[in-house]
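**Q**
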Amino acid sequence: MDPPSQANGESATIPDENEEEAYLLLDKVIPPVHLKESAGDRFCCIYRIPHTLKQVNDKAYAPKIVSIGPYHHSSDKQHLKMIEEHKKRYLEMFVSKTKENVVSQKIEYTNLKDPIFKLRWILPTLRSDLLLLENQVPLFLLKVLLETSKLAPSTSLNMLAFKFFDYSIKKPEGFWEKHNNLRAKHLLDLIRKTFIPAPPPSTTPRQCCINIFNGPREYSRTETSKNICLGKISCSKEITGAQTSSPPPPPRRPFLGLIVSARKLRLRGIKFMRKENVETPLDISFKSGLVEIPLLVFDDFISNLLINCVAFEQFNMSCSTEITSFVIFMGCLINTEDDATFLIEKGILENYFGTGEEVSLFFKNIGKDISFSISKSFLSNVFEGVNEYTSQGYHVHWAGFKYTHFNTPWTFLSSCAALVLLLLTIFQAFFAAYAYFRPPKNN
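Per the working numbering, the sequence shown runs over residues 309 to 751.
Put into structure tokens, the structure is as follows:
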């Protein structure tokens, strides 16, 4: 609106030509030039990391020596050119192998100076690069290549991948065989799913279907199971919805929320213990003031794996969020360097990543700019139980008193000295008052 027109009480109008251009601009369909055709497709599984997440740790998303995904190429990255010669050599070996149409053959490597086999840092870095979200290829493509090559006809792709990553992710004997038939979108998703703990068995029996016939019925042997199932309907929400006008509101959970750090929880009566005989560090439990956490061997490989798993869970809406819940939980516990040291002393954390301060900064930063629903988290009962236990009760005050005055031998001795001094002061005051009110009689 034009200021002079406002002063005169007049309203400004858009000229007819500009108004017509505005309507034409609104009616014109402008195709999105910055979006791919696959943007928003539910089948997408390889994503570009946004700049908000890259600001936290840019190096955790970019490959260091090898690129196989759609976003990183050796043409614009000098450090990726070293492995290109090896990729071409392996391609020639693969093509020659498929042409020979044989089941197996021993391949002799003539170049004994191959850095992949001579340098110790190559394979750990290679494993880390193959688990980056921006550096993935669909798993079905790898399966087709494996079947075409006929290099391992009796071994599945999952077992080959598990054997390769087992050097960096140590698991108990027989663990990988349980996940042989695991379905995943790519290698990162495959390894991520092996960290997800199995759901606890249901203790209440569930009736999945009811009979809609009033009386008994005899079925002939010629009737198929499909016809028999016509006499049953599943107990779904539509059945219960017909009986109730509206679904009941969710129960109130006043203690559901984030928790404080490990050392603060210790001052409030929470005990920490390393959980044994488990297959994944995500198998965390809480009962009667005791938090049991499995051992977490924390190094550069695991840190990069956690970062990329969290990014994948943030982008894929059909994906569960166990890794995100785990890093949020650990971020609550490890708030300072002292918290990391405390968990190390308890045998819960085995630190090969750096100093305790670096560990705490990692978990602080990984939780930034991510979406997290604590009510839908698989650790929601742990969050709620810890908050409820530390909200009230004599054990909270007693734990604070105990760890404040009797935590170390020096604090124990100083507390004892203060107690003795207090008793002597009381005795002195008592005898002084006694002598004043009942003085001794003079002979």
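Heads up, the beta-carbon is just placed ideally off N, CA and C, and yes, glycines get one too.
So, does the stretch 617 to 626 touch the stretch 354 to 371, judging by three or more C-beta pairs under 8 Å?
**A** Verdict: yes, contact present.
**Q** Strictly by DSSP, which residues pair up with residue 769?
**A** Beyond the ends of the chain as shown, which are 309 and 751, falls residue 769; an answer cannot be given.
**Q** Keeping to the same chain, check which residues put their C-beta closer than 8 Å to that of residue 566; ignore five residues upstream and five downstream.
**A** Contacts found: 636, 640, 682 and 691.
**Q** Could you pull the start and end residues of the beta strand (DSSP E) that residue 593 belongs to?
**A** Where residue 593 is concerned, the enclosing beta strand (DSSP E) stretches over 593 to 595.
**Q** With a threshold of 8 Å on Cβ separation, who are the neighbours of residue 402 within its own chain once the five nearest residues in sequence on each side are excluded?
**A** Cβ within range, chain order: 453 and 457.
**Q** Work out the CA separation of residue 722 and residue 741 for me, nearest whole Å.
**A** The alpha-carbon atoms of residue 741 and residue 722 are separated by roughly 28 Å.
**Q** Can you look up residue 658 in the DSSP assignment and give me helix, strand or coil?
**A** Three-state DSSP puts residue 658 in a strand.
**Q** Where residue 630 and residue 602 are concerned, what is the direct C-alpha to C-alpha distance, given to the nearest angstrom?
**A** In a straight line, the C-alpha of residue 630 is about 15 Å away from that of residue 602.
**Q** Indicate the three-state DSSP secondary structure (helix, strand or coil) for residue 735 in the structure shown.
**A** Residue state, collapsed to three classes: helix.
**Q** Enumerate in chain order the residues of its own chain whose CB-to-CB distance from residue 673 is below 6 Å, with the five nearest sequence positions on each side excluded.
**A** Cβ neighbours of residue 673 beyond the five flanking positions: 364.
**Q** Could you give the distance in angstroms between the alpha-carbon of residue 443 and the alpha-carbon of residue 372?
**A** If you take the alpha carbons of residue 443 and residue 372, they lie about 11 Å apart.
**Q** Is it right to say residue 632 is buried, meaning 16 or more other beta carbons lie within 10 angstroms of its own, or is it exposed?
**A** Buried.
**Q** With DSSP as the reference, label residue 456 as helix, strand or coil.
**A** Residue 456 falls in the helix class under three-state DSSP.
**Q** Can you tell me which of the three DSSP states residue 527 falls into?
**A** Model confidence at residue 527 stands at a pLDDT of 43, short of 50, so the residue's coordinates are unreliable; what they give is reported in the following sentence. Reduced to three states, the DSSP call for residue 527 is coil.
**Q** Here's the rule: buried if 16 or more other CB atoms are within 10 angstroms of the residue's CB, otherwise exposed. What is residue 675?
**A** Counting Cβ neighbours within 10 Å, residue 675 comes out buried, since at least 16 surround it.
**Q** Give me the residue from 459, 678 and 599 with the minimum Cα distance to residue 655.
**A** Considering only alpha carbons, the answer is 599.
**Q** Report, in whole angstroms, the separation of the C-beta atoms of residue 628 and residue 504, which I expect to be a contact under 8 Å.
**A** Correct: roughly 7 Å between the Cβ atoms.
**Q** How many Å lie between residue 484 and residue 405 at the Cα?
**A** If I take the Cα positions, the gap works out to 28 Å.
**Q** Considering only the beta carbon of each residue, do residue 564 and residue 688 sit closer than 8 Å?
**A** Result yes, Cβ atoms of residue 564 and residue 688 sit closer than 8 Å.
**Q** Excluding the five sequence neighbours on either side, which residues of its own chain have a C-beta within less than 8 Å of the C-beta of residue 619, listed in chain order?
**A** Cβ within range, chain order: 355, 357, 361, 369 and 441.
**Q** Using 8 Å as the threshold, is the C-beta distance between residue 465 and residue 486 below it?
**A** No; because the gap between Cβ atoms is not below 8 Å, this pair is not in contact.
**Q** If I'm right that residue 668 touches residue 643 with Cβ under 8 Å, what's the distance once you round it to whole angstroms?
**A** Their Cβ separation, rounded to whole angstroms, is 6 Å, which keeps residue 668 and residue 643 in contact under 8 Å.
**Q** Hey, would you say residue 578 sits closer than 8 Å to residue 697, going by beta carbons?
**A** The answer is yes: Cβ separation under 8 Å.
**Q** For a quick check, are the C-beta atoms of residue 447 and residue 498 less than 8 Å apart?
**A** Yes, the Cβ-Cβ distance between residue 447 and residue 498 is below 8 Å.
**Q** At the level of alpha carbons, what is the spacing between residue 378 and residue 677?
**A** Residue 378 and residue 677: Cα-Cα distance of roughly 25 Å.
**Q** According to DSSP, is residue 680 part of a helix, a strand, or is it coil?
**A** In the structure shown, residue 680 sits in coil (DSSP, three-state: anything other than H, G, I, E or B).
**Q** Residue 473 and residue 435: beta carbons closer than 8 Å?
**A** The answer is yes: Cβ separation under 8 Å.
**Q** Among 445, 455 and 744, whose alpha-carbon lies nearest the alpha-carbon of residue 492?
**A** Nearest C-alpha to residue 492: 445.
**Q** Which first and last residues belong to the alpha helix (DSSP H) in which residue 353 is found?
**A** Residue 353 -> no alpha helix (DSSP H), and no H or E assigned at all.
**Q** So, at 7 Å on beta carbons, what are the nonlocal neighbours of residue 743 in its own chain, with the 5 sequence-adjacent residues on each side left out?
**A** Nothing listed; no residue qualifies.
**Q** So is residue 482 buried or exposed if we call it buried at 16+ other beta carbons inside 10 Å?
**A** Residue 482 should be labelled exposed.
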